[in-house]
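Right, one structure below, let's go through it.
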Ligand SMILES: *Cc1c(COP(=O)(O)O)cnc(C)c1O
């Protein structure tokens, strides 16, 4: 081995952890207030701060991203069939199945790895009620083309923006596209509330109904208006979120430097393709992903396995495709022949370590390790 293995394991991410003293202080405030959940002061503050950070007119916090996405599907009254991408985390597809909606898998764009608008039209039937796209790795879907198709066919558009916290297209926050967008604040996401999530929507009028769905449909002590669920974010989660927000810019700056170091080291390496957001798009810096192609000689799986010898634990986000899970693979749209680009991507992608405290010379070493595995 040309480079020495790391003495300690390097994982793909590390959660943002603020100083424990700050957490103690926030907890003290909670204990004194005796208000632990149900739209407390921290909750209201975080909701307000986040709508500013994400540049959206309205937003509702949730206990986690998955339950937020379920509420979005309910709010838009999706049913029958929803056209979606198989190149994603299980939650995206499961949310549809959980509400008895049939996922209809659509292949992805070869460059952005997001749902391919050119293939959506052919999948529309009289049972189609919506499109569920994923801004995978914070790479925006083709929001304009998707909006055009949706308007033509009277379909609703939901985005899983779990990776897209802070993503902007030409200065517009990503949560302004589509009817509703879901953000995840899980501990592994750049901005987190331990567990948590939010829905953002361009029309503020939607908030009242979403907030009802989040809290059992309770309007007041005597009126329950609709079959809601318990999706509330508690005060401790919100307090951690408020603290994490204060460290967000610093974390993003550090991550941007790390991404720059990866790009310098890896660009021009034959068979390595780097995923980058298009010009004019602000990168969420959630993941750093490469695609290992034929010219590299070694396969993605070879690299994934070999890196473990160096104590580097990369991730194959997203392999397998959700359409290959036993619960979905019998669906007609899950036929691998219909999803060539998604299959190719699932074979090629490798997510490399990215977190603020990753030392720049560790990035150089990781790239040297990858380079040593090439078999041109
Ligand atoms: C993390 C993630 C989710 C789920 O979010 P939770 O907050 O963990 O429920 C959904 N979709 C994608 C693409 C994700 O990465």
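In our numbering, the protein residues as written are 6 to 381.
Where is the CB? At the ideal position from N, CA and C, for every residue including glycine.
For clarity, every value in this text was computed on a predicted model and none was experimentally measured.
The stretch 42-51 and the stretch 245-263 touch, with three or more beta-carbon pairs separated by less than 8 Å. Per DSSP, the continuous alpha helix (DSSP H) segment holding residue 365 begins and ends at 365-377. Boundaries of the beta strand (DSSP E) around residue 133: 133-139. The C-beta distance from residue 317 to residue 358 rounds to 7 Å, short enough to fall under 8 Å.
Taking a cut-off of 8 Å on C-beta distances, the stretch 95-107 does not touch the stretch 216-228, as fewer than three cross pairs fall below it. Around the CB of residue 29, fewer than 16 other CB atoms lie within 10 Å, so the residue is classed as exposed.
Placement of the Cβ of residue 97 at a distance of less than 7 Å from at least one heavy atom of ligand 1 is found.
According to DSSP, residue pairing for residue 109 in a beta bridge involves 88.
For residue 223, there is no enclosing alpha helix (DSSP H); the residue is part of the beta strand (DSSP E) that begins and ends at 223-225.
For residue 267, the enclosing alpha helix (DSSP H) begins and ends at 253-271. Nearest neighbour of residue 278 by Cα position, chosen from 265, 286, 296, 287, turns out to be 296. No heavy atom of ligand 1 is found nearer than 7 Å to the CB of residue 159. Just so you know, the alpha carbons of residue 70 and residue 271 end up roughly 33 Å apart. Per DSSP, the beta-bridge partners of residue 202 are 67, 189. Nearest Cα to residue 352 within the set 226, 118, 145: 118. With a cut-off of 7 Å, the C-beta of residue 194 is classified as near ligand 1, since at least one heavy atom of the ligand falls inside that distance.
Relative to the Cα of residue 243, the nearest Cα in the group 198, 150, 37 belongs to 198. Measuring C-alpha to C-alpha distances from residue 233 to each of 240, 40, 224, 375 identifies 224 as the nearest. For residue 156, no beta strand (DSSP E) run applies; the uninterrupted alpha helix (DSSP H) run containing it begins and ends at 148-158, by DSSP. Between ligand 1 and the CB of residue 71, the shortest heavy atom gap is smaller than 7 Å. With a cutoff of 7 Å, residue 76 does not count as near ligand 1, since its C-beta is closer than that to no heavy atom of the ligand. Taking a 10 Å sphere around the C-beta of residue 116, we find fewer than 16 other C-beta atoms and assign the residue as exposed. If you ignore the 5 residues before and after residue 68, its C-beta comes within less than 8 Å of the C-beta of 200, 201, 202, 235, 236, 237, 238, 239, 242, all in its own chain and listed in chain order. If you compare the alpha carbons of 360, 121, 131 with that of residue 149, the shortest gap goes to 121. Contact annotation, residue 51 with residue 187: C-beta distance approximately 16 Å; criterion of less than 8 Å not satisfied. A residue is called buried when at least 16 other Cβ atoms come within 10 angstroms of its Cβ; residue 159 does not meet this threshold and is exposed.
Counting along the chain, residue 292 sits inside no beta strand (DSSP E), nor does DSSP assign it H or E at all.
Annotation: residue 342 to residue 62 spans about 42 Å, alpha carbon to alpha carbon.
Here residue 56 really is in contact with residue 64; their C-beta atoms are around 5 Å apart, less than 8 Å. Under the 8 Å Cβ criterion, the stretch 91-98 counts as touching the stretch 311-331, having at least three qualifying pairs.
Contact annotation: residue 360 and residue 19 have beta-carbon atoms nearer than 8 Å. By the CB criterion at 8 Å, residue 368 and residue 294 fall outside the cutoff. For residue 288, the CB stays at least 7 Å from every heavy atom of ligand 1. Residue 356 is bridged by DSSP to 294, 320.
The alpha-carbon separation between residue 208 and residue 140 amounts to approximately 20 Å.
According to the DSSP assignment, residue 37 belongs to the alpha helix (DSSP H) that extends over 25-38.
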